[in-house]
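What follows is a short report on a single structure.
Numbering (this note's numbering), first residue to last: 69 to 617.
Printed below as a string of structure tokens:
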């Protein structure tokens with residue numbers, strides 16, 4: 069239990085000693101604060117100087133990471149060496165093998181997994197090249213123009229997010245196709261995805277490791293029925309469906325040629341699976357070369373995390389800051405705010421990564437934890453959030469640490485758009501850190517103007533224009549959003565989550581919490597509801613009556 073460690077006692081003591089910490093004073097007192105609290109790796113620059121930390125606090129936090137009892141360095145080594153750190157499922161955790169660009173041997177039960185990883189990547193590349201070039205044709209000989217990825221969870225969020233993020237890298241081949249992602253069991257999702265498409269020109273990618281996931285299989289069956297209604301020949305399925313799965317029997321039973329089945333492994337968690345065969349839709353969009361660049365970015369951050377000292381280690385620093393706010397400042401949530409429209413799905417992607425990994429209340433011994441673990445994660449892109457929820461971050465009663473992600477170059481350099489966007493980007497972290505005092509509010513000409521317009525005095529309006537400041541932020545910047553940078557950014561957050569799981573002594577790579585709802589849904593669909601649950605029975609009765617009326 070990390071809260072019993074002397075290193076945590078030192079962190080807590082420094083927290084108690086610095087409760088009056090003030091970012092304005094800290095920057096005035098140390099002219100090199102920004103330089104001191106800025107680190108770079110894998111194309112990313114992290115400025116964490118606008119956090120509520122002193123030199124002493126950072127040293128105490130790093131000492132916690134170095135604690136022999138926590139053994140973070142050993143945990144990192146175990147993951148990269150293929151040890152079975154997912155103890156409750158007796159599996160290694162090897163998403164890092166999927167992007168192991170140096171091809172260093174990584175063994176599971178004495179067998180190097182890299183030849184298998186490379187073989188699947190090569191098959192994906194050949195298939196993507198055929199579809200993108202037009203050599204792969206539909207059943208009637210027409211070119212494929214629509215790609216529909218059917219999956220859920222990591223089999224949907226990852227490729228959907230990345231396909232949106234890397235839209236500038238489609239090239240003429242990717243631009244000639246549309247890409248849709250269907251996950252929800254709600255029929256509306258697949259109905260809208262199929263609207264306006266021609267079956268002869270549509271290729272479906274069915275992503276389910278076991279090929280038994282109820283949402284995915286139901287949507288796939290609907291897609292198959294839609295296809296056959298027009299093409300009227302079961303043989304057409306093999307030309308319009310491919311599978312990302314390991315269950316050859318069920319894949320073949322569905323009608324998919326197992327030669328077009330791309331496998332992955334039980335040591336790849338769904339939310340970490342984008343660099344695997346799950347990324348096939350993304351490879352179809354951006355091509356094999358750009359997909360390789362994505363893997364390069366992942367690998368660069370992997371190597372940094374594996375080898376960099378904790379004092380200069382981006383994922384470790386972000387993890388430690390998160391633990392500080394979560395466990396001492398009582399911050400319940402955490403915002404991720406990318407100032408790039410192409411990253412509009414990034415916060416949703418990170419929600420699964422973080423909350424499914426570290427949303428646990430049981431430690432590794434099976435005991436209930438006595439401290440907070442994973443925070444609520446949320447966010448939105450660019451200035452949209454400024455006109456929605458930033459009010460709460462600036463002046464609300466809740467402390468909400470935030471990551472701001474920005475880029476020096478836009479893929480769409482139109483007029484002054486990017487300069488205005490980035491002006492907002494810089495202004496927000498400045499305002500959150502340093503705020504606005506009562507004296508500044510009283511002296512601000514805008515306060516006087518607004519007061520006159522409202523028919524009240526400056527003194528009456530001034531308190532509403534006071535900003536406390538001391539709202540912590542990280543600033544993450546890169547030159548431009550590229551495949552390499554996206555890979556590096558995803559890996560940064562993956563390893564941050566891993567580090568926090570190690571500190572909190574929880575298992576980050578299972579998700580037992582999603583299972584109970586699945587079981588109960590299966591029971592309810594059969595009409596099985598416990599006698600004590602009069603609420604669910606009454607709601608089901610209402611549903612059945614109104615549905616049939």
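All residues carry an ideal CB built from backbone N, CA and C; glycine is no exception. These numbers come from a predicted model, not from an experiment.
Taking DSSP's pairing of strands, which residues face residue i in a bridge?
i, result
"residue 329", "311"
"residue 542", "471"
"residue 114", "107 and 544"
"residue 211", "205"
"residue 270", "214"
"residue 253", "For residue 253, which the question treats as bridged, DSSP gives no partner whatsoever."
"residue 430", "436"
"residue 564", "In the DSSP output, where bridge partners are listed per residue, residue 564 has none listed."
"residue 402", "445"
Confirm, please, whether the CB-CB distance from residue j to residue i is below 8 angstroms.
i, j, result
"residue 342", "residue 447", "no"
"residue 353", "residue 261", "no"
"residue 349", "residue 576", "no"
"residue 312", "residue 258", "no"
"residue 305", "residue 292", "yes"
"residue 445", "residue 422", "yes"
"residue 73", "residue 570", "no"
"residue 172", "residue 555", "no"
"residue 201", "residue 241", "yes"
"residue 78", "residue 369", "no"
"residue 218", "residue 287", "yes"
"residue 351", "residue 196", "yes"
"residue 461", "residue 114", "no"
"residue 382", "residue 565", "no"
"residue 253", "residue 283", "yes"
"residue 389", "residue 133", "no"
"residue 557", "residue 112", "yes"
"residue 501", "residue 91", "yes"
Excluding the 5 residues preceding and the 5 following residue i in the sequence, name in chain order all residues of the same chain whose CB lies nearer than 7 angstroms to its CB.
i, result
"residue 151", "160"
"residue 395", "439 and 440"
"residue 319", "279, 311, 313, 326 and 329"
"residue 238", "353 and 354"
"residue 522", "529"
"residue 518", "529"
"residue 493", "407, 472 and 474"
With 16 as the cutoff for other CB atoms within 10 Å, does residue i come out buried or exposed?
i, result
"residue 617", "exposed"
"residue 372", "buried"
"residue 256", "exposed"
"residue 54", "Nothing can be reported for residue 54: it is not among the residues displayed for the chain, which extend from 69 to 617."
"residue 31", "Any question about residue 31 goes unanswered here, given that the chain covers just 69 to 617."
"residue 481", "exposed"
"residue 582", "exposed"
"residue 580", "exposed"
Excluding the 5 residues flanking residue i on each side, which residues of the same chain have their C-beta closer than 8 angstroms to its C-beta?
i, result
"residue 431", "69, 437, 572, 573 and 574"
"residue 71", "395, 438 and 439"
"residue 399", "393, 443, 466, 467, 468 and 469"
"residue 505", "534"
Residues in its own chain within less than 6 angstroms of residue i by CB, not counting five upstream and five downstream?
i, result
"residue 340", "163"
"residue 213", "245 and 269"
"residue 332", "344 and 345"
"residue 533", "509 and 515"
"residue 420", "225 and 339"
"residue 54", "What is shown of the chain runs 69 to 617, which leaves residue 54 out entirely."
"residue 249", "217, 224 and 228"
Any heavy atom of the ligand NAP within a distance shorter than 7 angstroms of the CB on residue i?
i, result
"residue 77", "With respect to small molecules bound, the structure shown includes none, and the ligand NAP cannot be examined in it."
*Check whether the segment 538-549 touches the segment 462-482, counting contact only when three or more Cβ pairs, one atom from each stretch, lie closer than 8 angstroms.*
yes
*For the segment 442-462 against the segment 364-379, are there 3 or more C-beta pairs whose distance is under 8 angstroms?*
no
*Could you say if the segment 529-542 and the segment 115-128 meet the contact criterion of at least three C-beta pairs nearer than 8 angstroms?*
yes
*Between the segment 363-374 and the segment 550-558, are three or more C-beta pairs nearer than 8 angstroms?*
yes
_Touching by the beta-carbon criterion (3+ pairs, under 8 angstroms), the segment 406-419 and the segment 580-598_ = no
*Report yes or no: do three or more beta-carbon pairs, one from the segment 128-136 and one from the segment 95-112, lie closer than 8 angstroms?*
No, the segment 128-136 is not in contact with the segment 95-112.
_Tell me whether the segment 198-217 and the segment 179-187 touch, counting them as touching only if at least three CB pairs, one residue from each stretch, are closer than 8 angstroms._
no
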